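Peer 1:
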Amino acid sequence: MFENVFGIHEPALLLQGQRLGVLANNMANADTPGYKARDIDFGAALASASGVDSGEAPLALARTSAAHLAPGAGEFAPGELKYRNPYQASLDGNTVEMAAEQAAFAENNVRYQASLGFINGRIAELQYAISGQ
Amino acid sequence: MSLFNVFDIAGSALNAQTIRLNTTASNLANSESVDGDPGKVYRARHPVFQTMMEAPDDSSDGEDAVAGVRVLGIVQSTTEPLKRYDPNNPVADKDGYVYMSNVNAIEEMTNMISANRSFATNVEAINTARDLLLKTIAMGH
Chain A
3 MFENVFGIHE PALLLQGQRL GVLANNMANA DTPGYKARDI DFGAALASAS
53 GVDSGEAPLA LARTSAAHLA PGAGEFAPGE LKYRNPYQAS LDGNTVEMAA
103 EQAAFAENNV RYQASLGFIN GRIAELQYAI SGQ
Chain B
69 MSLFNVFDIA GSALNAQTIR LNTTASNLAN SESVDGDPGK VYRARHPVFQ
119 TMMEAPDDSS DGEDAVAGVR VLGIVQSTTE PLKRYDPNNP VADKDGYVYM
169 SNVNAIEEMT NMISANRSFA TNVEAINTAR DLLLKTIAMG H
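Heads up: the protein sequence lines correspond to chains A and B, in order. Residue numbers for the first sequence follow our numbering, so the first one is 3 and each next one is one higher. Residue numbers for the second sequence follow our numbering, so the first one is 69 and each next one is one higher.
(1) Closest Cβ-Cβ distance between G123 (chain A) and chain B: below 7 angstroms?
(2) For the alpha helix (DSSP H) containing L150 (chain B), name the first residue and the last one.
(3) Identify which residue in B:T196, B:E175, B:M177 and B:N170 has its Cα closest to the Cα of A106 (chain A).
(4) Does the count of Cβ pairs from the stretch 115–133 of chain A and the stretch 138–153 of chain B closer than 8 angstroms reach three?
(5) Does the stretch 101–116 of chain A come close enough to the stretch 193–207 of chain B to have 3 or more Cβ pairs within less than 8 angstroms?
(6) Taking a contact to mean a Cβ-Cβ separation below 7 angstroms, would you say R146 (chain A) touches A39 (chain A) in this structure?
(7) Is the beta carbon of L83 (chain A) closer than 7 angstroms to that of L1 (chain A)?
(8) Determine the closest residue to R21 (chain A) out of A:Q104, A:T97, A:L118 and A:G81, with distance taken between C-alpha atoms.
(9) Please decide whether N96 (chain A) counts as near chain B, where near means a Cβ-Cβ distance under 7 angstroms.
(10) Is any beta-carbon of chain A found at less than 7 angstroms from that of G208 (chain B)?
(11) Are any of the Cβ atoms in chain B nearer than 7 angstroms to that of G45 (chain A)?
(12) Suppose you measure from the CA of L15 (chain A) to the CA of E100 (chain B); what does that come to, to the nearest Å?
(13) Can you tell me whether R111 (chain B) is helix, strand or coil according to DSSP?
(14) For Y167 (chain B), name the three-state secondary structure that DSSP assigns.
(15) Taking V159 (chain B) as the reference, give the member of B:A84, B:T86 and B:D105 with the closest Cα.
(16) Would you mind giving the Cβ-Cβ distance between L82 (chain B) and A173 (chain B), rounded to the nearest angstrom? I have them listed as a contact below 8 angstroms.
(17) Determine the closest residue to I77 (chain B) out of B:N184, B:P155 and B:T119, with distance taken between C-alpha atoms.
(18) Can you give me the C-alpha to C-alpha distance between A102 (chain A) and F72 (chain B), rounded to a whole angstrom?
(19) So, for M29 (chain A): in the same chain, excluding its five sequence neighbours on each side, which residues have a beta-carbon less than 6 angstroms away from its beta-carbon?
(20) For M180 (chain B), which option in B:M121, B:S70, B:S94 and B:G79 has the closest C-alpha, if you only look at C-alpha atoms?
(21) In terms of residues, what are the limits of the beta strand (DSSP E) holding R86 (chain A)?
(22) Just to confirm, are G23 (chain A) and S70 (chain B) a CB contact at a threshold of 7 angstroms?
(23) So if DSSP puts G141 (chain B) in a beta bridge, which residue, or which two residues, is it bridged to?
(24) Using only the alpha-carbon positions, how far apart do V191 (chain B) and T178 (chain B) sit?
(25) Using beta carbons (cut-off 7 angstroms, strictly below), is K151 (chain B) in contact with chain A?
(26) From G9 (chain A) to L118 (chain A), what does the alpha carbon distance come to, in whole angstroms?
(27) Taking Cβ positions, are R113 (chain B) and T91 (chain B) nearer each other than 7 angstroms?
(28) Could you work out which residues of chain A lie near T196 (chain B), taking near to mean beta carbons separated by less than 8 angstroms?
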C-alpha cells in the first residue's frame with residue numbers, strides 16, 4: 003500500500019537534487035577555458051525515472067510465478083547529462099553563461115522546494131489518517 | 069547524495085577563485101617593480117583553471133563524471149618587460165636602463181571583478197544547497 007505513497011514527487015526530488023549538483027558544477031567552472039556547460043533534460047529524465055516513457059507504454063517484465071518481485075519502482079536512475087547550447091559562447095571555448103545558470107539554479111531551487119512541500123503534505127495527510135482524529 | 073556534492077564543487081571553486089585573487093593582488097602590488105635584468109624582473113602571474121574530471125563508476129551514471137574546478141598551475145606572462153632609461157636608479161644596468169614589470173593593471177582589475185563575482189555566485193550556491201538540505205532533513209516535521 004505504501005510502495006508508491008509519494009508518487010512522482012520522490013523521483014522528482016532526487017532528479018532536482020542531481021540537477022542542483024550539475025548546475026553548481028557549471029557555475030564552479032564559469033572561468034575554466036574550454037569547459038562546456040551541462041544540464042539534464044528534466045522532462046525526459048523524470049519520464050524514464052517514473053517509468054512513464056512518452057509515446058509507447060513501458061515494457062513490462064514477464065512474471066511466471068506469483069513469488070517473483072514486481073517490476074517497476076526500482077533503483078533511481080540518474081538523468082542523462084547533455085551539453086547546453088550557448089546563446090553566445092566565449093572566445094576561450096567556455097559555454098557557461100552565468101545569468102542563464104543562475105536562472106536555472108533559482109528555478110531548480112523552487113522546484114525542489116515544491117516537491118518537498120508535496121511530500122510534506124502527503125506525510126501530514128497520512129499522519130492525520132493514522133491518528134484518526 | 070547530490071546535494072552534498074554541491075559543497076565540494078562550489079568549495080573547489082571558492083578555492084580556485086581565492087588563488088586567482090591572490091595572484092591579482094601579487095600582480096598589482098608588483099606593478100611598479102623594476103629590475104636591471106630583464107630575466108629577473110617581476111612578471112604577471114595567472115592561474116590556469118581546469119575542470120576536475122573524476123572517472124564515473126558507471127558509464128551510464130553521469131552523476132560524478134565531473135566535479136568542481138582546480139588550479140592546474142600558475143603561469144607567468146611572456147609579454148616583454150618595458151625598458152626605461154633611468155640612470156639614477158640603483159638597480160639600473162650599465163647603460164642606465166631598468167626593466168618594468170609587465171603587469172597590465174587594467175587586465176588585473178577586470179580579473180579581480182570577475183573573481184569577485186564568481187566567488188559570490190558560488191557562496192550563493194552553497195547557501196542554497198544548505199537551505200535545501202536542512203529542509204530535506206526536516207521532512208515530515
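Note that CB positions come from ideal geometry on N, CA and C, so glycine has one too. Remember, it's a predicted structure, so these values are computed and weren't measured experimentally.
Peer 2: Taking the coordinates as given:
(1) no
(2) Run containing L150 (chain B): none; DSSP gives neither H nor E here.
(3) B:T196
(4) no
(5) yes
(6) There is no way to answer for residue 146 (chain A), as the model of chain A reaches only from 3 to 135.
(7) Coverage of chain A is limited to positions 3 through 135, which leaves residue 1 (chain A) absent and any answer about it impossible.
(8) A:G81
(9) no
(10) yes
(11) no
(12) 55 angstroms
(13) coil
(14) strand
(15) B:D105
(16) Going by Cβ atoms, the distance from L82 (chain B) to A173 (chain B) rounds to 25 angstroms, so no, they are not a contact pair.
(17) B:T119
(18) 23 angstroms
(19) E103
(20) B:S94
(21) Where R86 (chain A) is concerned, there is no enclosing beta strand (DSSP E), given that its DSSP letter is neither H nor E.
(22) yes
(23) B:V116
(24) 20 angstroms
(25) no
(26) 12 angstroms
(27) yes
(28) L22, F107 and N111
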